[in-house]
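Visitor:
In our numbering, the protein residues as written are 7 to 105.
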């Protein structure tokens, strides 16, 4: 099924206030663009705090709050924060083309 403009806008939009992602370095994330920027700027230690063998908070947030199972699957495969940032950036670009 093709992505609709409405769905692309929803995925790119801000999440509800009660679903904001709190990064352990103090930053807050409300949308995919915030996640991309945070991944580019955060320390590797911060990334590993949220994404390690025991859990992947970014994948969970993208899947459950943003509602983007495709990006969540890509984030699961990312071995580093820069790979994760690239995955988010690529997804944002594809959503912007639909919008």
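Ideal placement from N, C-alpha and C gives every residue a C-beta, glycine not left out.
Being a predicted model, the structure only gives us computed values, none of them experimental.
Beta carbon of residue 42, beta carbon of residue 91: below 7 Å?
Guide: Result yes, Cβ atoms of residue 42 and residue 91 sit closer than 7 Å.
Visitor: What is the DSSP secondary structure of residue 62, reduced to helix, strand or coil?
Guide: Residue state, collapsed to three classes: strand.
Visitor: Go ahead and label residue 34 buried or exposed: buried means 16 or more other beta carbons lie within 10 angstroms of its beta carbon, across all protein chains shown.
Guide: Counting Cβ neighbours within 10 Å, residue 34 comes out exposed, since fewer than 16 surround it.
Visitor: Give a yes or no on whether 7 Å exceeds the smallest Cβ distance from residue 59 to chain D.
Guide: In the structure shown, chain D cannot be found, because there is only a single protein chain.
Visitor: One question on the structure: do residue 44 and residue 101 come within less than 7 Å of each other, judged by their Cβ atoms?
Guide: No, the Cβ-Cβ distance between residue 44 and residue 101 is not below 7 Å.
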